[in-house]
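S.K.: Residue numbers (the numbering used here), protein chains in the order written: chain A, 356 to 650; chain B, 22 to 318; chain C, 758 to 1431; chain D, 7 to 156.
Where is the CB? At the ideal position from N, CA and C, for every residue including glycine.
The structure presented is a predicted model; accordingly, all values stated were derived computationally and were not measured.
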Amino acid sequence: MEQLIQEAKKLLEENKVDVVIGYRSSPLPPFTRPAFIRRPEDCEQLVFNCGSVYNLTRYLIGLGEKPAIVVKGCEQRGLVVLEQENMLPRDSYLLIGVGCSGQVDERKLREGGFDRLPEQLSDELMADKCLYCDQHNTPDADIFVGDEVESVEPRTERYAGLDEFFAQDYEELYHHWTEVFSRCIRCYACRNICPLCYCEQCISYVNMPQWLPRSVADNNNYLFHMRRVLCMAGRCIDCGECERACPVDIPLRTLYKRIAQKIEGFFYGYRAGNNREQLPPLQDFNKDDSADFIL
Amino acid sequence: MKYSYYPGCSMHSTAAEFESSFRFVAGVLGMELTEVEDWFCCGATPAHITDPLLGLALPTQNLLQARPTGLDVATTCAACYNRLKTANRVALEKPKKREALAQILGEEYKGEIPVRHILDIFVNDVGVDNIQRNVLFPLNGLRVASYYGCLLTRPPEVADFDDVENPVTMDKIVEALGGVALEWPFKTECCGASFSLSRSDIVGRLAGEIMRYAKQAGAECIAVACPLCQSNLDLRQKEASEYEGVEFNMPILYITQLMAVAYGGGGKDVGLGKAIVNAESVVHRVFGHRGSERVER
Amino acid sequence: MARIGVFVCWCGSNIAGTVDVKKVAEEVSKLPYVVYSTDYKYMCSDPGQNMIKEAIKEHRLTGVVVSACSPRMHEVTFRRTVQEEGVNPYMMEMANIREHCSWVHDDMEEATEKAIELVRMAVAKAVELEPMEKIEVPVTKRALVIGGGIAGIQAALDIADGGVEVILVEKSPSIGGKMSQLDETFPTLDCSQCILTPKMVDAAQHPNIKIYSYAELEELDGFIGNFQARIRQKARSVDMELCNGCGDCWNKCPQKKIPSEFEAGMSDRAAIYVPFPQAIPNTPVIDRENCIYFQSGKCGVCAKICPTGAISYDQSDEFITEEVGAVVVATGYDLFNTDVIGEYGYGEIPDVISGLQFERLSSASGPTEGKIVRPSDGKKPEEVAFICCVGSRDDKYGRPYCSRICCMYTAKHAILLHHKSHGSQAYVFYIDVRAGGKGYEEFLRRATEEEGAIYMRGRVSRLYRDNGKVVVKGADTLSGAQIELHCDMVVLANGITASPGAEELARKLSISYDEYGFYSEAHPKLRPVETNTAGIYLAGCCQAPKDIPDSVSQASAAASKVLALFSGDFLTREPNIAEVNPFTCTGCFTCREVCPYDAIDEEEVTVHIDGKKVTRTIARVNLGKCQGCGICCAVCRSNAINLKGTKDLQIFRQIKAFTGSEKEKSDEPVGSKK
Amino acid sequence: MADAETTAKTKKKADRTGFEPHIIGFLCNWCTYAGADLAGTSRIGYPTNIKAVRVPCSGRVDAMYVINALKNGADGVLVSGCHPGDCHYNQGNYYARRRFMILREIFSAMGINPERLQMSWCSAAEGAKWAQIVAQVTEKIRELGPFEGI
């Protein structure tokens, strides 16, 4: 990661940016911590490895400084969505690209009984999203550091298992989700960590009208999460941060991915963040969209 | 440049000189050809008019056999090209037919193997510059009428590499070889090949008109890129001459033969001797007589 | 605290026959905020309306619910009623218990139950209604007409005659458009120039019309009643004030070999030129790309010879900004480019010409002074084939539409050929002959029955040269025969395509266009001259192919729309438009993407959030443009944009009030602002 | 269309004692609301189960309206707008179509029968069609039974 350190140093020394956002090591290797480096001499702290799990792009909106930021391939799609939504012009940050061959899944590590990572990150301990990654190297990077990672055959399908899971009948699904969401403590971590949740005032806080009931009783969590699925429809880039941050292990991605899968099918292969020029599906229409369900 | 090569039945029989000249030219231009494993009939005329599904199953199976190489499939014959391209189009756009075919063939084909006619490959992959660069013996202003026939560019939604009514790929190759590509109106008219055996009187009229306009445009020979065009115009030139009341004596050459000549191919490569209307005289008039050995490059 | 009065109408027996109106009035009187409720035979009658007024006074009502017929019927009536009593008209809500209830149900009990529910929903909404004022937008009473063909000229003249100033912008050096190139016009065979040039002169001399020729619209800002048009006046290289149009310059210009646009390439012009003798203005321009002086720096003949010293080589493009209140777009069309049809050999075969070239051949002011001859050898053509639908009704070239003029101009060509070239025979290949206008069918009959044109139904598959003739290969689909005609000349009836640059102009104007580049009208039947951008109107072929009478009609219609718009000093519009909450808008502009009217502008605001001052770019609704559809509201993730008159809160109240209490779950704070 | 009328009515009476669904309809002002008015002026009968909310355009209907209607006791929701190409605002119905296509998928993923959300195109001239739609939707929701979710 010598190159990362050198480039970061150069950027700060030449005053091209005010801050370099990246990862630095933590007391719990391989995990890292987000780092905000403002002095060239601090650049030595920067690392990038299989424990650089956080999606740092979350920090960009409203930052108020000119940043350079380390972004993994999968997360770059989020920047595209933010640009499409006029939240983050492409020239407001410098993108430091990296090659990433997979990130560790903390939960799998824990459940696998490891207290630290074996020599090599194996597929068993890798985050689900990495197993079908098709963007190992950050596209559109201003600076690319380190070596490009050779693309690996996906080990699973992006939407593997979804069709089977959602083949259950409505009642079973309903019970499944009410059950799962009854665990939700409304800590809003899923929303707060999401790089695409940037509303000034989330409508779950609005009470004139009361879009969403605030209490956790009465299956209201189910409603909150339904609204979140709606928010993510056509936008979710599957960075997986919501699920990682959830303290009660709610499998949120199952729903987000299901809708992404449907959108890909309905709307001509649309995938959020793939193409800056393509309008997000719910802001767009095609006269030939399917009309089967309409009376 | 690697390609799967689907010769089709003609290339191994009536159009042996097309095959030999193409293989020689391909070698010069650095095209590597892998013949499709165990290929068979493409499903042209007899199959697709008796049973449309069979007419699709045959080319689809051929494409399935070409699939493992992952290479584009190159064809020389207009009919093979048409059938294989049609199979692709059906696989891409007609899900019901695709399923029906998967039932028959036991394997689903999704139209993923691009099918290319060699004219397309010559002009768009090899490039006119490359074609020109390899010329050892320029055609010295040989006046060539390029005849594409009725099938090579039609229907336009299937055959998509050239203008349907006024194709120019072959003309570009002729110019690159140092010949003169003639502007003439019958480039894509029907020559009557389907009636070659059954109604040679109709063929006489149709081929006669083509011949007349080629002659009128000042052609010394007609260049073709399809075995059926060649055999029909060559074989039925007698009838055409009778119909028009003129002795045409119009050599019908494969475009690859012209290329092979220009690239210094040997007698066996070029295969001029196989034609009914003497083609050697025209070529020799342009180049002077050359031995029948390959010219070392 | 809201004070609502509910008025239940019987509508004679129309409602009262199926709905127990007394019970409705009684039940709804128990609802919160309802301080008065009553029923009456005919609420819309004078006594009925007076009841409402009396109740407003007596019970100090802040809002009124009229439970009667469809709001599409009497909303306006009752709004006026409450207004007359000093209540804001938008504080009146209707419950439709006639069309949606009494007339479609026959069980009294059920219908009454439903009526109560409908009124309950209306009351719930009424509680949340807000007073609104009609929107008044000041109007600049000047119009911009883009395009100086017959449609643009007509629109400009009509508007100017109405006493309004008009800015007419034409991109070529002269106004007149395509019509100036035509010979005689169908179905009356009156000479095109004879009827057009007086109108051109009228336009030029009209005190209310200002013409910018050789100019283009660069940018249009603003909205209905308040547009700012930035116009690029291209450099003519000739001083309009000094030039007297003597013509010395173009006679002496050494560069004379430029194909004349006006003559459709049938003859040449000089590098300094007026397009045609009757051009308006009659001031030449220098075609810099072909001018020897501009290309090599040597020459300068025109400057030397000009008696008034009007030549000005160092002129450059100028920009003028004009304030206008309305825009008429009349940018016309272009002819389908027949080069792309390989089998017709247009451009290769000299005796295959376009319809417009035939017009020039036949025109007395044309290159042959009206003598119809073959371009290849100048001989009289004995046999002439006309091919219809070239680039029309042809999916292959992406033009499935009918161009509407070619059938008729081909019939005209056949007649003109018969008149001007005695003994020549016209053959017309057609798909269908469309002769739907006034006098058109008769005209067609004349061509076939009196003027000897032979019509054959079929497409031509190929044209090629043979022995100095053009061979026309085709089919007569009526007899099933294949046809091979040896003709002396072939005329292609090119269809109409959108004018080049149509899409770019549409983007400048933010109006929409169809897949062929024709501008979209606001409604295909009922608003055929308006666009979706308020204040911009369409005239002529820029909207769709049409002939001269239709273009002129549409131009006059557009003019009357403009004059109607300018009839008052202010535009008054319903206030049901969107509004943005500056505190919650994130500035993602999803609303702008979906807005059909380009009514979302950007605005910089400084707001205090959590005690911090933040400057952000957020959305602002343009009062002039918003039409109140509310699509923006439904896509806004933070629900920061809302539609007045159908606010989220108002709809939520209706939803809440809907099924009554049996299943209601109360997690919403009961207290409301009222 | 008399058929639709009679079936609707007979069905209704036969089912008197059974479950009567609550249905809320979001009707666009220009097409469907006017079509429903026409059903009225033409006296074409249909079940009373539906209650209409007038909105300017089907594109105005926020997905949350539908969710909240279900939350607040509706057994089914109908969104109805202009036919494709007829939208008064040109494209509102196209956006609505996509929005509710997705919402129905969210419903089915989360275990709510998507049939509870119905959508229709009904023009101002289709009074009879409106009656038919209401009969059809009422029947559908009746079959699904009371909505007990959320």
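Buried or exposed: residue 154 of chain B, going by 16 or more other Cβ atoms within 10 Å of its Cβ?
M.R.: Burial call: exposed.
S.K.: Give the single residue among C:1385, C:1083, C:1249, C:1398 whose Cα lies nearest to the Cα of residue 1093 of chain C.
M.R.: For the residues C:1385, C:1083, C:1249, C:1398, the minimum Cα distance to residue 1093 of chain C belongs to C:1249.
S.K.: Mind listing, in chain order, the continuous beta strand (DSSP E) runs of no fewer than 3 residues lying wholly within the segment 241-277 of chain B?
M.R.: Runs of the beta strand (DSSP E) inside the segment 241-277 of chain B: 242-245, 273-275.
S.K.: Which runs of the alpha helix (DSSP H), 4 residues or longer, sit entirely within the segment 942-999 of chain C?
M.R.: If we require 4 residues or more, the alpha helix (DSSP H) runs fully inside the segment 942-999 of chain C come out as 949-962.
S.K.: Closer than 9 Å between beta carbons: that is the criterion. Which residues of the segment 177-188 of chain B meet it against chain C?
M.R.: Residues 177, 184, 185, 186, 187, 188.
S.K.: At 7 Å on the CB atoms, spell out the chain C contacts of residue 553 of chain A, in chain order.
M.R.: Those are 1343, listed as they occur along chain C.
S.K.: With C-beta atoms as the reference, is residue 971 of chain C less than 8 Å away from residue 988 of chain C?
M.R.: No, the Cβ-Cβ distance between residue 971 of chain C and residue 988 of chain C is not below 8 Å.
S.K.: Could you tell me how far apart the beta carbons of residue 1021 of chain C and residue 950 of chain C are, in whole angstroms, since I believe they sit closer than 8 Å?
M.R.: In fact, because the Cβ distance is near 15 Å, the residues do not count as touching under 8 Å.
S.K.: Can you tell me whether residue 717 of chain C is buried or exposed? The criterion is at least 16 other CB atoms within 10 Å of its CB, across all chains shown.
M.R.: An answer regarding residue 717 of chain C cannot be provided, because it is not within the stretch 758 to 1431 covered by chain C.
S.K.: Start and end of the alpha helix (DSSP H) containing residue 303 of chain B?
M.R.: Start and end: 301-308.
S.K.: Across which residues does DSSP place residue 127 of chain D in a beta bridge pair?
M.R.: Beta-bridge pairing links residue 127 of chain D to D:87.
S.K.: Which of the three DSSP states, helix, strand or coil, is assigned to residue 924 of chain C?
M.R.: Looking at residue 924 of chain C - three-state DSSP - the assignment turns out to be strand.
S.K.: Is the segment 1232-1247 of chain C close to the segment 1264-1275 of chain C, with three or more CB pairs under 8 Å?
M.R.: At 8 Å Cβ cutoff, the stretches do not touch.
S.K.: Can a CB atom of chain A be found closer than 8 Å to the CB of residue 1209 of chain C?
M.R.: Not an interface residue.
S.K.: Taking its Cβ as the centre, do 16 or more other Cβ atoms sit within 10 Å of residue 592 of chain A, making it buried, or is it exposed?
M.R.: Result: buried.
S.K.: Can the beta-carbon of residue 1212 of chain C be found closer than 8 Å to that of residue 1187 of chain C?
M.R.: Yes, the pair counts as a contact, with Cβ atoms nearer than the cut-off.
S.K.: Can you tell me whether DSSP reads residue 1367 of chain C as helix, strand or coil?
M.R.: Three-state result, residue 1367 of chain C: coil.
S.K.: Using a Cβ cut-off of 8 Å (strictly closer), state whether residue 1252 of chain C contacts chain B.
M.R.: So no, residue 1252 of chain C is outside the interface.
S.K.: To the nearest whole angstrom, what separates the beta carbons of residue 429 of chain A and residue 463 of chain A, a pair I think is in contact under 8 Å?
M.R.: Contact flag wrong, Cβ pair sits at about 18 Å.
S.K.: Does the CB of residue 1394 of chain C have a neighbour CB from chain F at under 8 Å?
M.R.: Protein chains A, B, C and D are contained in the structure displayed, whereas chain F is not.
S.K.: Counting C-beta neighbours from all protein chains within 10 Å, is the total for residue 202 of chain B 16 or more, i.e. buried, or is it exposed?
M.R.: Result: buried.
S.K.: Quick one: grab the DSSP three-state call for residue 651 of chain A.
M.R.: Given a span of 356 to 650 for chain A in the structure shown, any question on residue 651 of chain A remains unanswerable.
S.K.: Relative to the C-alpha of residue 761 of chain C, which candidate in C:1336, C:794, C:771, C:1221 has its C-alpha closest?
M.R.: Out of C:1336, C:794, C:771, C:1221, C:794 has the C-alpha closest to the C-alpha of residue 761 of chain C.
S.K.: From what residue to what residue does the beta strand (DSSP E) around residue 1230 of chain C run?
M.R.: It spans 1226-1233 - the beta strand (DSSP E) in which residue 1230 of chain C sits, taken as one unbroken run.
S.K.: Here's the rule I'm using: 16 or more other beta-carbon atoms within 10 Å means buried, otherwise exposed. How should residue 602 of chain A be labelled?
M.R.: The residue is exposed, with fewer than 16 neighbouring Cβ atoms inside 10 Å.
S.K.: By Cβ distance, which residues of its chain are closer than 6 Å to residue 1400 of chain C, with the 5 residues on each side in sequence left out?
M.R.: These residues qualify, in order along the chain: 1335, 1387, 1390.
S.K.: At which residues does the beta strand (DSSP E) containing residue 27 of chain B begin and terminate?
M.R.: It spans 23-27 - the beta strand (DSSP E) in which residue 27 of chain B sits, taken as one unbroken run.
S.K.: Please tell me whether residue 316 of chain B and residue 244 of chain B are closer than 8 Å, where the distance is taken between their beta carbons.
M.R.: Going by C-beta atoms, residue 316 of chain B is not nearer than 8 Å to residue 244 of chain B.
S.K.: Could you tell me the alpha carbon to alpha carbon distance between residue 54 of chain B and residue 47 of chain B, rounded to whole angstroms?
M.R.: Their backbone Cα atoms lie some 8 Å apart in a straight line.
S.K.: Of the residues C:1048, C:893, C:948, which one's Cα is nearest the Cα of residue 1013 of chain C?
M.R.: Comparing Cα positions, the closest option is C:1048.
S.K.: Following the continuous beta strand (DSSP E) through residue 451 of chain A, name the residue where it begins and the one where it ends.
M.R.: Element bounds for residue 451 of chain A: 449-452.
S.K.: For residue 1197 of chain C, report the span of its alpha helix (DSSP H) as first-last.
M.R.: Segment 1197-1202, the alpha helix (DSSP H) holding residue 1197 of chain C.
S.K.: Under DSSP, the alpha helix (DSSP H) around residue 859 of chain C begins and ends at which residues?
M.R.: It is not in any alpha helix (DSSP H) - residue 859 of chain C carries neither H nor E in the DSSP assignment.
S.K.: Need the endpoints of the alpha helix (DSSP H) that residue 1062 of chain C sits in, please.
M.R.: 1058-1062 is the span of the alpha helix (DSSP H), which, as asked, contains residue 1062 of chain C.
S.K.: Skipping 5 residues on each side, what residues in its chain have a beta carbon closer than 6 Å to that of residue 917 of chain C?
M.R.: Closer than 6 Å at the Cβ level, and outside the excluded window around residue 917 of chain C, lie 923, 963, 965, 966.
S.K.: Nearest-angstrom Cα distance between residue 370 of chain A and residue 360 of chain A?
M.R.: About 15 Å.
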